[in-house]
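For reference, the structure is listed below as structure tokens.
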Amino acid sequence: MIERPNVDALMAGELGRFLQGQVQVREAAKAKTNKRYFVSALVLLPLLSFLWFTPLGDFRLFLTVAAGMGALWWSRIPAMRAKKETKSGINAAIAEALGLEYAHDCDGSHGFERAKSHKMFPNHQRSNFEDLWSGEITGLPFTLHEAHLQERRGSGKNRRWVTVFRGPVITIGFKRTFHATTLLERSGRHRKFLFFGEADQITLDGVVLDKADMVHPDFEDTFTVFTSDQTEARYLVHPVYIERLIALEQAFQGQGIKTLFKDRELTIVLTTENMFESGSLNHQRDREMVEMSVAQFMAMAELCAALNEPER
0 MIERPNVDAL MAGELGRFLQ GQVQVREAAK AKTNKRYFVS ALVLLPLLSF
50 LWFTPLGDFR LFLTVAAGMG ALWWSRIPAM RAKKETKSGI NAAIAEALGL
100 EYAHDCDGSH GFERAKSHKM FPNHQRSNFE DLWSGEITGL PFTLHEAHLQ
150 ERRGSGKNRR WVTVFRGPVI TIGFKRTFHA TTLLERSGRH RKFLFFGEAD
200 QITLDGVVLD KADMVHPDFE DTFTVFTSDQ TEARYLVHPV YIERLIALEQ
250 AFQGQGIKTL FKDRELTIVL TTENMFESGS LNHQRDREMV EMSVAQFMAM
300 AELCAALNEP ER
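For what it's worth, numbering that gives the first Met the number 0 labels the leading residue of the sequence shown as 0, then goes sequentially.
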């Protein structure tokens with residue numbers, strides 16, 4: 000059982016004092032951002048007006064968009080920094096109440112590399128990570144962070160970075176020892192040659208995995224299990240487990256959930272919107288943002304812990 004942090008206690012303690020101190024910081028950041036908007040307009044409008052009378056053709060549109068985006072980014076830097084500082088303080092206080100550690104900026108984790116080697120992500124060329132929660136939950140090692148993966152698409156003027164995945168990557172120690180590799184994912188991702196049906200066998204990270212013949216065929220329309228041990232897979236993936244997976248998706252309006260059992264670790268990947276964004280420039284929303292972050296993390300942690308429990 001994971002004990003939920005008491006929001007009243009957090010707001011009455013060190014976190015409340017921190018947020019009170021952030022009021023002036025955020026007001027100053029808003030004022031600085033507004034000043035930069037004014038300066039940007041003052042500088043850009045005459046320059047762009049002159050630019051559109053030059054014989055640069057279509058290149059004028061490119062320069063206009065680039066200048067506008069650059070000015071917008073520069074103007075928002077103070078506000079973004081203040082929001083990041085506030086968010087980090089809120090999430091760090093919640094993590095401390097849970098006996099965990101929190102870091103806003105982080106690198107890819109062991110869980111991410113394992114998920115990547117087992118093709119749990121779409122193809123991508125660029126990756127960014129944030130919001131690392133780590134420590135122990137219910138006595139088991141736990142790591143959660145968000146990943147943002149992008150792929151370069153298009154050519155020439157249409158060349159751009161496209162988001163192909165955003166969501167949490169979770170690794171939690173498993174209570175029971177298992178010896179096989181078992182991957183569960185939404186059905187239809189691995190296709191046979193020429194796309195005639197789903198593959199019966201795949202190779203991931205050098206291990207050959209066969210499609211499991213599950214005892215509960217009703218779930219095969221929704222999920223597919225690939226494993227190196229059919230018996231162990233049927234023990235790990237039972238109807239209650241499937242219900243918990245669906246609950247985890249629904250709790251965060253997520254999709255494409257995947258879980259991997261390997262080396263006594265459970266790795267979970269879920270596509271969602273950006274989470275744990277508890278920073279706000281409006282100090283009157285501080286308590287609301289704390290409650291939201293607590294609710295998000297607890298729902299995620301409790302459902303992940305439930306995935307680690309046997310069928311009853």
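Every residue gets a Cβ at the ideal spot worked out from N, C-alpha and C, and that includes glycine.
Item: Neighbour flag for glycine 67 against chain B, beta carbons, 8 angstroms; Value: As a matter of chain content, chain B is missing from the structure shown, which is built from one protein chain.
Item: Three-way DSSP call (helix, strand, coil) for tryptophan 323 in this model; Value: Limits of the chain in this structure are 0 at one end and 311 at the other, which puts residue 323 out of reach.
Item: Spatial distance of proline 207 from glycine 15 (CA atoms); Value: Looking at the sequence shown, residue 207 is not proline but valine. Straight-line Cα distance between these residues: approximately 53 angstroms.
Item: Cβ pair arginine 263, leucine 302 closer than 8 angstroms; Value: no
Item: Runs of beta strand (DSSP E) wholly within the stretch 95-119 (minimum 3 residues, chain order); Value: 100-104
Item: The stretch 179-189 in contact with the stretch 288-297 per 3-pair CB rule at 8 angstroms; Value: no
Item: Supposed contact pair leucine 62 and leucine 50 - C-beta distance, whole angstroms, cut 8 angstroms; Value: 6 angstroms
Item: Helix, strand or coil at aspartate 204 according to DSSP, with G and I counted as helix; Value: coil
Item: In chain order, each beta strand (DSSP E) run of at least 3 residues that lies wholly inside the stretch 144-188; Value: 159-172 and 181-185
Item: DSSP-derived helix/strand/coil call for arginine 311; Value: Since pLDDT at arginine 311 reaches only 48, below the 50 mark, its modelled position is unreliable, and the value read off the structure follows with that caveat. Correct three-state label for arginine 311: coil.
Item: Distance, glycine 155 Cα to histidine 144 Cα; Value: 34 angstroms
Item: Anticipated Cβ contact below 8 angstroms, threonine 266 with glycine 255, distance rounded; Value: Threonine 266 to glycine 255, Cβ: 14 angstroms. No contact.
Item: Neighbour-count burial assignment, glycine 88, 16 or more Cβ in a 10 Å radius; Value: buried
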